[in-house]
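Participant:
Protein chains: 4
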Amino acid sequence: MTALTRLFVSDNAACVHPRVWDAMRAADGPDMPYDGDALSQALDARFSALFGRECAVIWTSTGTAANALALACLTPPFAGIVCHYDAHVEADEGGAPEFYTHGAKLMLAGGEGAKVTPEGIAKVIDPIRDDVHRVQPHTLALTQATEEGRVYSPGELAALTAFARERGLRVHLDGARFANAVAHLGCAPADAGPAHGIDTLSFGFIKNGGMSAEALVVFDTGLAMEARRRRKRAGQLQSKGRYLAAQLHAMLDDDLWLANGRAANAAAQTIAQAAPDRLLQPVEANEIFMTLTAPEREALRNQGFAFYDWSDSSARFVTCWNTSEEDAGALAAALAAL
Amino acid sequence: MTALTRLFVSDNAACVHPRVWDAMRAADGPDMPYDGDALSQALDARFSALFGRECAVIWTSTGTAANALALACLTPPFAGIVCHYDAHVEADEGGAPEFYTHGAKLMLAGGEGAKVTPEGIAKVIDPIRDDVHRVQPHTLALTQATEEGRVYSPGELAALTAFARERGLRVHLDGARFANAVAHLGCAPADAGPAHGIDTLSFGFIKNGGMSAEALVVFDTGLAMEARRRRKRAGQLQSKGRYLAAQLHAMLDDDLWLANGRAANAAAQTIAQAAPDRLLQPVEANEIFMTLTAPEREALRNQGFAFYDWSDSSARFVTCWNTSEEDAGALAAALAAL
Amino acid sequence: MTALTRLFVSDNAACVHPRVWDAMRAADGPDMPYDGDALSQALDARFSALFGRECAVIWTSTGTAANALALACLTPPFAGIVCHYDAHVEADEGGAPEFYTHGAKLMLAGGEGAKVTPEGIAKVIDPIRDDVHRVQPHTLALTQATEEGRVYSPGELAALTAFARERGLRVHLDGARFANAVAHLGCAPADAGPAHGIDTLSFGFIKNGGMSAEALVVFDTGLAMEARRRRKRAGQLQSKGRYLAAQLHAMLDDDLWLANGRAANAAAQTIAQAAPDRLLQPVEANEIFMTLTAPEREALRNQGFAFYDWSDSSARFVTCWNTSEEDAGALAAALAAL
Amino acid sequence: MTALTRLFVSDNAACVHPRVWDAMRAADGPDMPYDGDALSQALDARFSALFGRECAVIWTSTGTAANALALACLTPPFAGIVCHYDAHVEADEGGAPEFYTHGAKLMLAGGEGAKVTPEGIAKVIDPIRDDVHRVQPHTLALTQATEEGRVYSPGELAALTAFARERGLRVHLDGARFANAVAHLGCAPADAGPAHGIDTLSFGFIKNGGMSAEALVVFDTGLAMEARRRRKRAGQLQSKGRYLAAQLHAMLDDDLWLANGRAANAAAQTIAQAAPDRLLQPVEANEIFMTLTAPEREALRNQGFAFYDWSDSSARFVTCWNTSEEDAGALAAALAAL
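Just so you know, the protein sequences line up as chains C, S, B and A, in that order. Residues in the first sequence are numbered from 1147 upward in steps of one, following the numbering used here. Residues in the second sequence are numbered from 1147 upward in steps of one, following the numbering used here. Residues in the third sequence are numbered from 1147 upward in steps of one, following the numbering used here. Residues in the fourth sequence are numbered from 1147 upward in steps of one, following the numbering used here.
1. Who are the Cβ neighbours of S/Ala1159 in its own chain at under 7 Å, not counting the five residues just before and after it?
2. Are the C-beta of S/Arg1376 and some C-beta of chain A separated by less than 8 Å?
3. Once the 5 residues before and after B/Val1155 are set aside, which same chain residues still bring their CB inside 8 Å of it?
4. Can you list, in chain order, the stretches of the alpha helix (DSSP H) that have 4 or more residues and sit fully within the region 1181-1248 of chain A?
5. Rounded to the nearest angstrom, how far is the Cβ of C/His1330 from that of C/Glu1433, given a contact under 8 Å?
6. For A/Val1328, which three-state DSSP category applies?
7. Check whether the Cβ of B/Glu1293 lies closer than 8 Å to any Cβ atom in chain C.
8. Look at the alpha carbon of A/Ala1195 and the alpha carbon of C/Ser1385, and state the distance between them as a whole number of angstroms.
9. In whole angstroms, give me the CA-to-CA distance for C/Pro1264 and C/Asp1232.
10. Under the three-state reduction of DSSP, which class applies to C/Gln1415: helix, strand or coil?
11. Taking the beta strand (DSSP E) that C/Arg1316 belongs to, which residues open and close that run?
12. If you follow the alpha helix (DSSP H) that C/Tyr1454 is in, where does it begin and where does it stop?
13. Per DSSP, which residues does B/Ile1352 bridge with? Please list them.
14. Would you report the Cα separation of C/Thr1148 and S/Gly1266, rounded to the nearest angstrom?
15. Check whether chain S comes within 8 Å of C/Pro1176, counting only Cβ atoms and requiring the distance to be less than that.
16. With a threshold of 8 Å between beta-carbons, can C/Asp1238 be considered close to chain B, or not?
17. Tell me whether A/Phe1245 counts as near the ligand ADP, meaning its Cβ is closer than 7 Å to at least one heavy atom of that ligand.
18. A/Leu1383 versus chain B: which residues are under 8 Å apart at the beta carbon?
19. Whether or not the region 1316-1327 of chain S and the region 1267-1279 of chain S are in contact is what I'm after, with contact meaning three or more pairs of Cβ atoms, one per stretch, closer than 8 Å; do they touch?
20. For the alpha helix (DSSP H) containing C/Arg1443, list its first residue and its last residue.
21. Can you give me, in chain order, the residues of the region 1266-1287 of chain S that have a beta carbon less than 7 Å from any beta carbon in chain B?
22. Does A/Gly1249 get closer than 8 Å to chain E when you measure Cβ to Cβ?
23. Considering only residues of the same chain and omitting the five flanking positions on each side of B/Gly1249, which have a CB-CB separation below 6 Å?
24. Taking C-alpha atoms, which residue in B/Glu1312, B/Ala1308, B/Gly1356, B/Ala1310 lies nearest to B/Ala1325?
25. Based on Cα-Cα distance, which residue from A/Ala1480, A/Ala1268, A/Arg1323 lies nearest to A/Gly1314?
26. Report the rounded CA-to-CA distance for B/Arg1443 versus A/Ala1173, giving the unit in angstroms.
27. According to DSSP, S/Ala1361 sits in a beta bridge with which residue or residues?
28. Which of the three DSSP states is assigned to C/Ile1271 in this structure?
29. What does the alpha-carbon distance come out to for the pair B/Arg1275 and B/Cys1466?
30. Straight-line CA distance for A/Leu1477 to A/Arg1165?
31. Checking 8 Å against the spacing of the C-beta atoms, do S/Trp1167 and S/Ala1391 come in under that value?
32. What does A/Ile1434 pair with, by DSSP beta-bridge criteria?
33. Using a Cβ-Cβ cut-off of 8 Å, state whether C/Glu1244 counts as contacting chain B.
34. Using beta carbons (cut-off 8 Å, strictly below), is B/Pro1223 in contact with chain S?
35. Taking Cβ-Cβ distances below 8 Å as the criterion, which residues of the region 1314-1344 of chain C are in contact with chain A?
36. If you measure between the beta carbons of B/Ala1461 and B/Leu1438, is that distance less than 8 Å?
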């Protein structure tokens, strides 16, 4: 990667926020191993305060692990998990949900912008006869913001979780980009998910300025011990956990997570507004999906912009907590000039 | 934990080596996610050079994950893994081997100092009729250094691996404290394990001054792709892998890993020699197991020493890469004074 | 169920053929347990002769078990199995494939008559990037005859298996109604599947006059021992296996399986020809799918016919090896009279 | 096997009782598939009456499947199952418990006659720290009669189940030879197990004159639906279930199961009393373990007796429901004459 590259490949490609580094360095003394350190022990209270609802928090090293652990705690091996067919748990986790749940079946619903709806879910699960020959739906997995950069409103979440309760479904929320969703909605963090009766949340920090710590937030605290046992069994209980806990604390301090999310969203808006006619989806978080021909994509790459093709005729750009105004502006200008 | 505590609880309790920090900071720019970064891509060559044998290297966040991934690549679900009954994979990984292998059976052999022998293994596997009613042994899992701080000599390893080949067993080496073993043996790194035809090695760095990166070294490179797929599926493929790879490179630079192992071993010798009559095991690595009555343990704790009870009448002390001469000396003096 | 009921619910509802009973009684002496008896030991040779191709045969108690065992032998846990979305392995086995394979992912293709095509499969697997984030397709599962009563021609099978080889896919054939398919094609048994390079076949007998024995036919004989181990591990190795083996031998004697398949197909034709305009699918085996309104279905049920609704506006009738001319004729007449 | 062979290899080697055959033939009409037939539906009530305690009963084709299903319903994947090291679930089921439970760990206790005791169990589980690093014991698996032909008295069962409750362990009873145990004890069937608060029982019939049906008896009826789902997922839900249910009914009619158990036990006594000094275990059920040198075993085999070696210096003889007085007497005479 040359110094001139402007990276819009993924928010995973960004570096780590200085305050996260500082917190990790501050944790750099001897302490009790695993999650016996003071920082890890303080997480439950910290997130309970953030969401105004009692919860247990366990750090993991990836969002995939957080999602898969949550789904395993919620779903028996012989049952099903409803999600959008573009959901990360279905499409990008290498089968981790099937591994952690011991073979639960993912049941795929459609929906605009990678958002599911009660109607879309009903279409998948209502034809399933309730007998032992059919795998029965048990859990609903939502993503906030979605894989196409869309955000569920509190009203949509209320409708989805009410529907889930009516059908006896547990609810997991994949919040790899939860910060971007809250930043977009401008609501209390709880209202972007937890307040609506979800059971578990993968609260992502790594894409948002962290290094290696995600938070699995367990609102059904009766599942917390099981989640901790499953974490160990999955090889996810790091022995120097304080360096993970420190990252989470740093992100919560003064709502750094939210500031970072807002910054990424703002950069995305700069880019989106440069070529609104090209947008495949309204830009609500930090991902921009645009119609771009192959020659157009090549032209952009020749100018030093790195990004993924989304299809033969489109591209995905992702902004980060530290996407510079200069970089966002340069991309906006390049798009406008095409 | 007060500032006055002298921590001999675990090498996991130690902080991170400054050169590891430096390498992580040096990696702190944007780069390709997952293991697409230059540092991760360079690992295979780096470890192949170290061991003088081609290998593939994948980072994981825990030794448990490295062990379990290796065992899953080597062992079908319907087969067995022979290990010492005190082995970490049996006793301290929360069932991770069973999880990753989908239910392979651990078969427990005895042996002095948590070391297995061909005779001890034969005693376990020879009575197993070769039919479908019995789970058949398939893999041998060794630990170097062992859970009781003992080190297999090259000769012992040669005998064990020859025996394994004769019986058709694959061989995994859990090297959570491989550095301490090499430091003790004073041999080439390969001679402490890899040169003897083992298939996989968990090369531990976290206990030895690292933060969060272990190396799963796959000598049977035909298994490398499978190991990478299983790592992703286990939620172990971190998106900012460069911070893990940086740790491994820092540890290999100028053989920092070996220097750290030697330092920990030296501190252990200081302590061991203060009360040789109390030793339950010869001290070969960085763990000291001593006969100590409950009042004696209480007396030590009252002086600020932290450590684990090993049994009703014994204790375990673990030294670290950065155990100070002062701390080791203080413990030695306290032991001598009992 | 009254004596007057005419049962078209399922071929599972039929009783057992007298020659199967006779063979079971003939086996009713003391013999070696499990599959150590002479009848079980003779199965490999018997089926190898039938198909003109070396194979290993293991009995199971259900088609679900045979399918799931085959898929587990062919597919690693982290890979995918392509099948039609209406395939029995996806829709009617309670998650058995996921259980036996330890979480392989079923990948669903479309296709008229529950038949898949190379194009339909390509549409599912070609967009899958070959990286560790995506579960990779590994096995193709076909059904002969399909869940909608359709039969793959030898030419279609040749094209599908050639395509599978080209894409590196193993091939399993679910032949719960293989007898009906061969009866329809009028070809050599091998040409209805085995001759085209498939790896495994579930050859169904229970729906076709058997009681409790299906044959898992393993053409890749290198997998036979693994299949036997997995059968035991699945609790499928019955201790009095001779009563299962006897059923299979009875079905092969004088091609009873084929005669039974022909009889069921003939009864299906009688019914189909009574109301050709109602057919949703050409009737090629022993299942008839017909457009029938709710009042029409009620009228039929009032005349003593038992069958399953297929949708709000259609019904499924299944004929059996012993569906009487009288019953088939009565249903045909009733349909014609609607 | 020649006509002259006298088979003491296993009770699995025996043929099927005529009344079982009769009941199967009587069931040989069309009926609803799976367990929708009248005979299957009547099982819950039938066994509830037998045991004087509400239970759900599901047939399986093997004792291995019944045991593994029960253990899977009782035990989470990350927990442990305590059993004797000679227990069938540990030693003879090809890893089925690990498969069905998704990797639960079997924890092995000792005990005379393959019987466990509260003290022996405590020795295994009490050293297990209650933390996430150690797999925690969750279920106790007992065998009645044991693998060495011994029978737990009601008093012993009361003590074991009280101990289990105290330690929070669920209890499964493997009753592959439950009939022989009840016959020995001369007590009510419930008092040989169910009355003492066990959760699940594998009630064996195949070794005792049945053909292919065992009964998994679920006393914790809240688990019944899960057991039924797991049975389907395991490929154990046969489509013509009425032939299995018929076997179970025939065995309960007029207590045929008990008469058969008594007959086998009586034959065992005939043999045991011929050479009491050779007995390794008191003969309480239908297995006889005797000290016999290799030449002695050869001499017996030359006289037409078939049996298994138990060790280099001993043999196992098993009697069946239909071991003739002539055969038992002949073996007794041969043993006395050695």
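For glycine and all other residues, C-beta sits at the position ideal for the given N, C-alpha and C.
Facilitator: In brief:
1. Leu1153
2. no
3. Ala1452, Phe1453, Tyr1454, Val1464
4. 1184-1187, 1189-1197, 1209-1220, 1234-1237, 1242-1247
5. That belief does not hold up - the Cβ atoms of C/His1330 and C/Glu1433 are roughly 11 Å apart, past 8 Å.
6. helix
7. no
8. 55 Å
9. 17 Å
10. helix
11. 1316-1321
12. Looking at the DSSP string, C/Tyr1454 is not in any alpha helix (DSSP H); the run it does join, the beta strand (DSSP E), is 1454-1457.
13. B/Ile1352 pairs with nothing; no bridge assigned.
14. Confidence in C/Thr1148 is poor, its pLDDT being 45 and thus under 50, which makes the residue's placement too unreliable to answer from.
15. yes
16. yes
17. The ligand ADP is not among the ligands present in this structure, which contains no ligands whatsoever.
18. Thr1208, Thr1210, Gly1240
19. no
20. 1440-1448
21. Val1278, His1279
22. Annotation note: the requested chain E is absent from the structure, which comprises protein chains C, S, B and A.
23. Pro1223
24. B/Gly1356
25. A/Ala1268
26. 29 Å
27. S/Trp1205, S/Phe1349
28. helix
29. 45 Å
30. 28 Å
31. no
32. A/Phe1463
33. yes
34. yes
35. none
36. yes
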